[in-house]
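For the first sequence, numbering that gives the first Met the number 0 assigns the number 0 to the initial residue and increments by one for each residue that follows. The beta-carbon is built from N, C-alpha and C at its ideal position, and this holds for glycine as well. Keep in mind the model is a prediction, meaning the values are calculated, not measured. Structure record follows, encoded as structure tokens.
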Amino acid sequence: MQIATWNVNSIKVRLNHVLNWLEQTQTTALVMQETKTVDDAFPKDDFEAAGFEVLFCGQKTYNGVALAVRKSQVSAVDDIVFNIPGYPDEQKRLIAATITTKTGEKVRLAGAYFPNGQEVGSDKYFYKLEWIAALTHWVRDELGREKNFVLGGDFNIAPTDADLWNPQEWKGKILVSAPERSAYAGLVQSGLVDTWTLGLHAPETYSWWDYRMSGFEKNHGLRIDHLLVSPAVAKDMKDVWIDAAPRALEKPSDHAPVVMQLDW
DNA sequence: ATGGCGTACACCGTACGA
0 MQIATWNVNS
10 IKVRLNHVLN
20 WLEQTQTTAL
30 VMQETKTVDD
40 AFPKDDFEAA
50 GFEVLFCGQK
60 TYNGVALAVR
70 KSQVSAVDDI
80 VFNIPGYPDE
90 QKRLIAATIT
100 TKTGEKVRLA
110 GAYFPNGQEV
120 GSDKYFYKLE
130 WIAALTHWVR
140 DELGREKNFV
150 LGGDFNIAPT
160 DADLWNPQEW
170 KGKILVSAPE
180 RSAYAGLVQS
190 GLVDTWTLGL
200 HAPETYSWWD
210 YRMSGFEKNH
220 GLRIDHLLVS
230 PAVAKDMKDV
240 WIDAAPRALE
250 KPSDHAPVVM
260 QLDW
């Protein structure tokens with residue numbers, strides 16, 4: 000069983016990339032961010048025709064999240080959540096559901112699009128920190144309820160300097176500031192395992208590259224998309240990687256999928 | 001210091017991203 004997260008930067012523009020990638024990789028469940036479309040315009044029929052059940056929580060122009068599961072491998076999708084319970088928010092940034100596989104495994108899967116924060120000290124920055132605090136609170140509750148839990152998404156945080164191609168230029172800035180990194184660590188410490196720390200990875204492996212200045216060709220990237228899992232899931236994890244191939248296609252998203260393979 | 005590129009909305013440019 001394979002679970003992945005991908006910031007698609009517009010589901011309408013990226014629809015064929017996403018469906019082709021799901022077909023090629025045979026991924027079981029995918030959470031998507033920055034769908035950038037209202038629910039009425041989400042390409043639901045295209046996902047269903049490709050064999051997926053899809054849930055989505057979107058808005059005009061910005062943000063928006065979705066979750067697709069392969070029907071041939073999943074028998075039930077329950078307890079759907081749109082946005083953080085108890086944290087009223089116009090911005091659509093969280094989706095979750097409990098998935099039961101045909102082999103009888105049950106996993107709570109959440110997909111998150113963390114606020115970008117724009118600039119340290121800005122209103123958007125404080126919203127980012129507040130949003131992460133609310134998410135952390137919710138995750139703690141969820142972990143008490145379901146032993147198999149996966150949180151994937153665009154976290155908009157590079158956890159260490161090894162996750163930046165040019166750490167000296169990012170020092171103290173948005174995506175790397177100490178309060179953001181500390182919020183990331185706090186989220187992990189609420190009872191999750193950062194899957195990236197379980198494997199050996201080539202250095203300079205990133206999940207995002209700027210469209211400008213040939214960022215991808217030069218591998219001038221950041222690693223800001225992550226998969227965090229409960230200990231029970233970590234125990235059955237076989238591998239985790241970033242699939243940079245879709246970033247090399249025509250009209251790519253600026254993010255690449257992060258993928259994890261489970262022993263299920 | 002700025003913009004460089006891409007997307008959305010809808011102006012014929014602005015907001016936003018990371």
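For H225, the uninterrupted beta strand (DSSP E) segment begins and ends at 224–228.
S229 is positioned such that its CB atom lies no closer than 8 Å to that of G185.
Taking the Cα of G151 as reference, the smallest distance to any Cα among D160, A244, V192, Q58 is reached at V192.
Contact check for Y112 and N62: beta-carbon distance about 6 Å, within the 8 Å limit, so the pair qualifies. Straight-line measurement puts the Cα of K217 at about 13 Å from the Cα of R246. The beta carbon of T135 sits closer than 7 Å to the beta carbons of G185, L186, S189 from its chain, once the five residues preceding and following it are set aside; these are given in chain order. Ranked by how close their Cα comes to the Cα of E249, the residues T4, Q1, N15 have N15 in first place. Between V76 and V64, the gap from beta carbon to beta carbon reaches 8 Å or more.
A distance below 6 Å between beta-carbons, with the five flanking residues on each side excluded, links P256 to the following residues of its chain, in chain order: A3, W5, D242.
No residue range can be given for F113, since it is assigned to no beta strand (DSSP E) and is classified by DSSP as neither H nor E.
By the Cβ test, the segment 96–105 is not in contact with the segment 119–133, since fewer than three Cβ pairs between them sit closer than 8 Å. Taking C-beta separations shorter than 7 Å and ignoring five residues to either side along the sequence, the partners of D88 in its chain run N82, following chain order. Contact check for I10 against C56 fails: the beta carbons are separated by 8 Å or more. Under the three-state reduction of DSSP output, G185 falls in the helix class. Apart from the 5 residues on each side of it in sequence, Q260 sits with its Cβ closer than 7 Å to the Cβ of Q1, K237, D238 in its chain, given in chain order. Ranking A244, L142, G110, Q25 by CA distance to the CA of V232 puts L142 first.
Contiguous beta strand (DSSP E) elements confined to the segment 145–197 occur at 148–153, taking only those with 3 or more residues. The continuous stretches of alpha helix (DSSP H) do not include Q32, which lies in the beta strand (DSSP E) extending over residues 28–32.
Boundaries for N19: no beta strand (DSSP E) harbours it, while the alpha helix (DSSP H) harbouring it runs 10–24, taken from the DSSP string. Look at L54 here: in three-state DSSP terms it is strand. In this structure, the straight-line span from the alpha carbon of P158 to that of P84 is close to 26 Å. In the displayed model, W263 falls within coil according to three-state DSSP, outside both helix and strand. Taking the Cα positions, N165 is about 14 Å away from S176.
In the DSSP assignment, A48 falls within the unbroken alpha helix (DSSP H) covering 43–48. The Cβ neighbour count for I79, taken over all protein chains shown within 10 Å, is under 16; the residue is labelled exposed.
Under the DSSP assignment, K127 falls in the alpha helix (DSSP H) whose first and last residues are 122–142. Per DSSP, reduced to three states, the secondary structure at V232 is helical. DSSP, read as helix, strand or coil, puts S213 in helix. Collapsing the DSSP output to three states places D39 in a helix.
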